[in-house]
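Colleague: Below is one structure. I have some questions about it.
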Amino acid sequence: MTRTSTRWAVGPAVAALALSLAACGGQANGDADGASGSVKVDGSSTVYPLSNAAAELLLDENGDIDVTVGEAGTGGGFEVFCQGKTDVSDASRPIKEDEEAPVCADAGIEYTELHVATDALTVVVNKDVPVDCLTTDQLKKLWEPAAEGKITKWSQLDPSFPDEEITLFGPGSDSGTFDYFTDEINGEEGASRTDYESSEDDNTIVQGVAGTEGALGYFGYTYYEENAGDLKALEIDSGSGCVAPSAETAQDGSYAPLARPLFIYVNNKSYADKGAVKAYIDFYVENLATIAEEAQFIALNDEQYAATEDALAGIGS
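See below:
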């Protein structure tokens, strides 16, 4: 049977999606009937809920396909993907052309990048923190390497903020979210203070911020949506005023610079040779808009989705 991880609660979303698909004709789009075998997926914890939801829904159509979905982080996912150990790699940033892509090339791994959703990387605080908006300059002041051991209180970011300790939570260095945030906010990928509680599991960051007075952290928008009752999402001011993370602001570009694309990378040989992998990827893409909506991701617009369809059609051509 299809096997997926249970560290992220997709059950209600999957149930709702299954009902909506049934109402539209009984089955999801995608020719998964008759395929069997295993599919190995690993990588971004941000993309994990989307890939896991697709796997659980595929189970309703074909119980002979065994999908395992891990969340080692984008960097960790590419490491095993470029060794040929996985069929699909979830990624919250593009593959590094100067580091990871050559490893894949040396191993003879040919792949296709598929854009599957949009994200509004979200900065969150404990609900009791009396701050609603930070500028990108303030975020840099807080997270840049020079801040380590020096910027420890909210009042150091703005005198109007409380004179209280800031406890920081964030992703580890294998995370694509870490790479993206440090590049966009600190101006250099990987440049960050290290005196914070790090984890490759976004749920650990959620729990840390929610349970710690004065805490701040960052992760993908989906995890905020799932835990909005326990956290406060900060608005971000990149020079044109404070903008809240949302589907609309991520798509229209106003939530700059923290709106970003999310990807899956498909091993071309796995797709061509393994019926289970082809069935999973075809199902995933053909039902992408509905899966993204029900799993609380920001769906692609029509132009982006057409590009993803074209990329999928080009595998092996």
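Residue 8 is where the sequence shown starts when you use the working numbering, and the numbers rise one by one after that.
For each residue, glycine too, the CB sits at the ideal point set by N, CA and C.
Which same chain residues end up closer than 7 Å to residue 314 when comparing Cβ atoms and leaving out the 5 residues on each side of it in sequence?
Modeller: Here residue 314 refers to the residue found at position 307 of the sequence shown. So the qualifying residues of the chain are 122.
Colleague: Assuming residue 234 and residue 217 form a contact by the criterion Cβ under 8 Å, report the distance between their Cβ atoms to the nearest whole angstrom.
Modeller: Along the sequence shown, read from residue 1 onward, the residue named residue 234 stands at position 227. Along the sequence shown, read from residue 1 onward, the residue named residue 217 stands at position 210. Rounded, the Cβ-Cβ distance is 7 Å, consistent with contact.
Colleague: Spell out the partners DSSP gives residue 271 in its beta bridges.
Modeller: In the sequence shown, counting from the first residue as 1, residue 271 sits at position 264. Per DSSP, 97, 121.
Colleague: Taking buried to mean at least 16 other C-beta atoms within 10 Å of its own C-beta, is residue 166 buried or exposed?
Modeller: Here residue 166 refers to the residue found at position 159 when the sequence shown is read from its first residue. Counting Cβ neighbours within 10 Å, residue 166 comes out exposed, since fewer than 16 surround it.
Colleague: So, using beta-carbon positions, are residue 311 and residue 232 closer together than 8 Å?
Modeller: Taking the sequence shown and counting its residues from 1, one reaches residue 311 at position 304. Taking the sequence shown and counting its residues from 1, one reaches residue 232 at position 225. No, these two residues do not count as a Cβ contact at 8 Å.
Colleague: So residue 81 packs on residue 318, CB below 8 Å; how close in whole Å?
Modeller: On the sequence shown, position 74 is the one that residue 81 refers to. On the sequence shown, position 311 is the one that residue 318 refers to. 19 Å between Cβ atoms; not a contact.
Colleague: Taking the beta strand (DSSP E) that residue 142 falls in, what are its first and last residues?
Modeller: Position 135 of the sequence shown holds residue 142. From DSSP, the beta strand (DSSP E) with residue 142 extends over 140-142.
Colleague: Need the endpoints of the beta strand (DSSP E) that residue 74 sits in, please.
Modeller: Your numbering for residue 74 matches position 67 in the sequence shown. Here the beta strand (DSSP E) through residue 74 covers 72-76.
Colleague: Output the boundary residues of the beta strand (DSSP E) element that contains residue 57.
Modeller: Against the sequence shown, residue 57 aligns to sequence position 50. Not the beta strand (DSSP E): residue 57 falls in the alpha helix (DSSP H), residues 55-68.
Colleague: Identify the continuous alpha helix (DSSP H) that holds residue 328 and give its terminal residues.
Modeller: Because the chain spans 8 through 324 in this model, residue 328 falls outside it and cannot be assessed.
Colleague: Using the C-alpha atoms, what's the distance from residue 250 back to residue 261?
Modeller: Taking the first residue of the sequence shown as position 1, residue 261 is located at position 254. Taking the first residue of the sequence shown as position 1, residue 250 is located at position 243. Cα-Cα distance, rounded: 7 Å.
Colleague: Do residue 126 and residue 99 come within 8 Å of each other at the CB atom, strictly closer than that value?
Modeller: The residue given as residue 99 occupies position 92 in the sequence shown. The residue given as residue 126 occupies position 119 in the sequence shown. Yes, they are a contact pair.
Colleague: Less than 8 Å separating the beta-carbons of residue 179 and residue 206?
Modeller: Sequence index remark: in the sequence shown, residue 179 carries index 172 (1-based). Sequence index remark: in the sequence shown, residue 206 carries index 199 (1-based). The answer is yes: Cβ separation under 8 Å.
Colleague: Give the range of the alpha helix (DSSP H) segment to which residue 109 is assigned.
Modeller: Mapped onto the sequence shown, residue 109 falls at position 102. Counting along the chain, the alpha helix (DSSP H) containing residue 109 begins and ends at 107-113.
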